[in-house]
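Undergrad:
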Amino acid sequence: MPVLTAPDGTPLAYHLVGKGEPLLCLPGGPMRASAYFGDLGGMAAHRQLIQLDLRGTGDSGIPTDPATYRCDRQVDDVEALRAHLGLEYVDVLAHSAAGDLALLYAARFPARIRSLTLVTGRARALGIDFTEAHRREAAALRSAEPWFPDAYRSYEAAWAGTATDADWDAIAPFFYGRWDAAAKEHAASEVAQTNEEAAERYASADAFDPAAARAALASLDAPVLLLAGERDSGPLPRVAAEIATLLPGATLTVQPGAGHFPWLDDPERFTRTIRDFLP
């Protein structure tokens, strides 16, 4: 397992999966160990996945200053990894909450981005986020599924701020395009892979300056792919389309039947979409 040292001295681990041209993969969660990527639905057969464990997650070290868990403070970690790898520029794939980190990295280091892929990516960095209404809209698409009544009651508890651990477990099916054995196994690993303290600090006050990020990214000279899941709520496909309007040359693809982890729902389609996009 290779390790580099962040500018503040924190050891950062990354995992090499597969062979080929490098694809730098930033995990979401927020602050979930990169192990949940697996081989990204088979992408490791086509590109070498460089999966960074963000500080305080997976095999990376705990920083001395917990304030450095803040999303914008981690941009330097991504740049340190690029320099450590000796790459002039990188193809970056970011999932979920790491969409914010990738956008901030692209805003600060635009010349280092060869391509940017946002897989069901958030864009609080640009002033766009999902809402409870978005969650309800996507949840309604699953009303015919057998697990829906109990899961929706738990979702209501989450929105009311009264959710128990059992409620959080019960809402997991909403994040997958199909609630099968693979999805259940994937969901079961989330708690152990997530640094809760880091997750709480990730999007804390002053992490984002949407006006500055929008201005910086308005001239980004790199192709951008936004891959949204048809059944996902964060972001909904129409919200992903709104994000795409803020990134020059961006392409939006909506994967049919997919939830928040589209490489699990239809690995072949997911892999084909990413391969066709990458340089």
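Quick note: the sequence shown uses my numbering, first residue 21, plus one each step. Don't be surprised by glycine CBs; every beta carbon is placed ideally from N, CA and C.
(1) Helix or strand or just coil, what does DSSP make of Y300?
(2) Classify A64: buried if its beta carbon has 16 or more other beta carbons within 10 angstroms, exposed otherwise.
(3) If we ignore side chains and look at the alpha-carbon of each, how far apart do P276 and P268 end up?
(4) Which residues in the same chain as R144 place their Cβ atom closer than 7 Å to its Cβ, once the five residues preceding and following it in sequence are excluded?
(5) Output yes or no for whether 8 Å exceeds the beta carbon distance between A177 and D185.
(6) Look up I263 in the DSSP assignment and say whether it is helix, strand or coil.
(7) By Cβ distance, which residues of its chain are closer than 7 Å to P27, with the 5 residues on each side in sequence left out?
(8) Does the pairing of the region 165-181 with the region 254-265 give three or more beta-carbon distances under 8 Å?
(9) Looking at the strands, I want to know which residues DSSP matches up with Y34.
(10) Touching or not, the region 130-149 and the region 66-77, by the rule of three or more beta carbon pairs under 8 Å?
(11) Mind checking whether L105 and P230 have CB atoms under 8 Å apart?
(12) Go ahead and label M51 buried or exposed: buried means 16 or more other beta carbons lie within 10 angstroms of its beta carbon, across all protein chains shown.
(13) Between which residues of its own chain and D85 is the CB-CB distance below 8 Å, once the five residues before and five after are set aside?
(14) Ignore the nearest five residues each way along the sequence and tell me which others in T25's own chain have a CB closer than 8 Å to its CB.
(15) Which residues in the same chain have their Cβ closer than 6 Å to the Cβ of T291, if we skip the five residues on either side of it in sequence?
(16) Can you check DSSP and say which residues form a bridge with T137?
(17) Who are the near neighbours of Y34 in its chain, counting only those whose CB is closer than 7 Å to its CB and skipping five residues on each side?
(18) Taking the straight line between their C-alpha atoms, what separation do you get for L256 and S116?
(19) Given this structure, state the Cα-to-Cα distance separating D279 from R251, to the nearest angstrom.
(20) If I measure Cβ to Cβ from P193 and keep anything under 6 Å in the same chain, skipping five residues before and after, which residues do I get?
(21) Could you work out which residue in P42, Y56 and L46 is closest to E210 when comparing CA atoms only?
(22) According to DSSP, A270 sits in a beta bridge with which residue or residues?
TA: Answer, in terms of the structure:
(1) For residue 300 there is no data in the structure shown, the boundaries of the chain being 21 and 299.
(2) Result: buried.
(3) Straight-line Cα distance between these residues: approximately 25 Å.
(4) When the five nearest sequence neighbours on each side are left out, the beta carbons in the same chain lying within less than 7 Å of the beta carbon of R144 are those of D120, A223 and F228, in order along the chain.
(5) No. Outside cutoff.
(6) In the structure shown, I263 sits in a helix (DSSP, three-state: H, G or I).
(7) D96 and A100.
(8) Taking a cut-off of 8 Å on C-beta distances, the region 165-181 does not touch the region 254-265, as fewer than three cross pairs fall below it.
(9) As a beta-bridge residue in DSSP terms, Y34 pairs with L72.
(10) Not touching, per the Cβ criterion.
(11) It is not a contact, given that the beta carbons lie outside the stated cut-off.
(12) M51 is buried by the Cβ-count criterion.
(13) Excluding residues within five positions, the ones whose Cβ falls inside 8 Å are D28.
(14) Only P31, L32 and A100 meet the Cβ criterion.
(15) Once the five neighbours on either side are set aside, the close Cβ partners of T291 are G61, G62 and M63.
(16) In the DSSP secondary-structure assignment, T137 is bridged to L113 and L245.
(17) So the list reads P22, I70, Q71, L72, D73 and L101, once near-sequence residues are dropped.
(18) Looking at the backbone, the Cα of L256 and that of S116 are separated by about 12 Å.
(19) Note that residue 279 is Gly in the sequence shown, not Asp. Cα to Cα, the separation comes out at about 5 Å.
(20) Counting only Cβ-Cβ distances below 6 Å, and skipping sequence neighbours, we find W167, A171 and W199.
(21) Cα-wise, what sits closest to E210 is Y56.
(22) For A270, the beta-bridge partners assigned by DSSP are V244.
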